[in-house]
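Enquirer: Residue numbers (my numbering): 23 to 251.
Cβ coordinates follow ideal geometry from the N, Cα and C atoms, glycine included.
Here it is as structure tokens:
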């Protein structure tokens, strides 16, 4: 507790700009924690489900069973379910629906990241503003009289340095968080697209097999041999 009290007393020397900077820092930490929990819940994918999708000729009923075992909010389940529900439609229709769902997932994963990006830019600028006001205070003390008051001068310099350091610290924290989540989101969407291509290829294979079976049945009908040729 004494360390926290000492840190707070030191921060108060940073002047009025410390309070909005602390607000930005708290906001950045909140967004980072929220995205960390959300990504952990929505981007988990079992190895068995991946192996099933990668199989050449898997069963759709088996895929449905695997999807039911995954949480409804899971991004991969949402994406795969759209494709599985539309498998009787033409492949171009399935690709369109899958693209729409991927866009919705990307929007959900990116929620709040713009705040981190804003903090990365705003925190150093606000720290710089605190630096300027602190230096102005020091220069004002020096120019007020021919005698220099060391205590007042150092108070202005301390305000300048603390505001700058706090702004940079908050910006670095937000930058690491933004880059990490942006990269995680990009990798997840790329992986989702690759697995989705496997499912759509399977739909095309099913449609081709149904077409071959239909041609065989037509050829096998009595009196249809010449027409089939």
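Drop a sphere of 10 angstroms on the beta-carbon of residue 38, count the other beta-carbons inside from all chains shown, and report buried for 16 or more, exposed for fewer.
Expert: So residue 38 ends up on the exposed side.
Enquirer: Can you grab the Cα-Cα spacing for the pair residue 120 / residue 42, in whole Å?
Expert: The alpha-carbon atoms of residue 120 and residue 42 are separated by roughly 42 Å.
Enquirer: Measuring only the C-alpha atoms, how far is residue 190 from residue 140?
Expert: If you take the alpha carbons of residue 190 and residue 140, they lie about 13 Å apart.
Enquirer: Output needed for residue 311: all residues of its chain with C-beta closer than 7 Å, excluding positions within five of it in sequence on either side, in chain order.
Expert: Any property of residue 311 remains undetermined from this structure, which presents the chain solely from 23 to 251.
Enquirer: Give the straight-line distance between the Cα atoms of residue 227 and residue 213, rounded to the nearest whole angstrom.
Expert: Cα-Cα distance, rounded: 21 Å.
Enquirer: Expressed to the nearest angstrom, what Euclidean distance is found between the alpha-carbon atoms of residue 67 and residue 208?
Expert: Near 16 Å, if we compare the C-alpha coordinates of residue 208 and residue 67.
Enquirer: What do you reckon, are the CB atoms on residue 222 and residue 104 nearer than 8 Å?
Expert: Going by C-beta atoms, residue 222 is not nearer than 8 Å to residue 104.
Enquirer: Classify residue 133 as buried or exposed, calling it buried when 16 or more other Cβ atoms lie within 10 Å of its own Cβ.
Expert: Classification of residue 133: exposed, given that the 10 Å Cβ count is below 16.
Enquirer: Given that a residue counts as buried once 16 or more other Cβ atoms are within 10 Å of its Cβ, and exposed if not, what is residue 201?
Expert: Its Cβ having fewer than 16 others within 10 Å, residue 201 is exposed.
Enquirer: For residue 89, which three-state DSSP category applies?
Expert: Three-state result, residue 89: helix.
Enquirer: What does a CB cutoff of less than 6 Å around residue 109 pick up in its chain, not counting 5 residues either side in sequence?
Expert: For residue 109, where only same-chain residues beyond five positions count, the Cβ hits under 6 Å are 225.
Enquirer: According to DSSP, simplified to helix, strand and coil, what is residue 124?
Expert: In this structure, residue 124 counts as helix in the three-state DSSP scheme.
Enquirer: Compute the distance between the beta-carbons of residue 255 and residue 185, then report whether it is under 8 Å.
Expert: Missing from the structure shown is residue 255; the chain here goes from 23 to 251 and no further.
Enquirer: Leaving out five residues before and five after residue 252 in sequence, what residues of the same chain have Cβ atoms less than 7 Å from its Cβ?
Expert: Any property of residue 252 remains undetermined from this structure, which presents the chain solely from 23 to 251.
Enquirer: Apart from the five residues on each side of it in sequence, which residues of its chain come closer than 6 Å, Cβ to Cβ, to residue 257?
Expert: Summary: the structure shown does not reach residue 257, with the chain confined to residues 23 through 251, and so no result is reported for it.
Enquirer: If we ignore side chains and look at the alpha-carbon of each, how far apart do residue 101 and residue 230 end up?
Expert: Rounded to whole angstroms, residue 101 to residue 230 spans 24 Å at the Cα level.
Enquirer: Which whole-angstrom value describes the C-beta separation of residue 127 and residue 93, a residue pair presumed to lie in contact below a C-beta threshold of 8 Å?
Expert: Their Cβ separation, rounded to whole angstroms, is 14 Å, which puts residue 127 and residue 93 out of contact at 8 Å.
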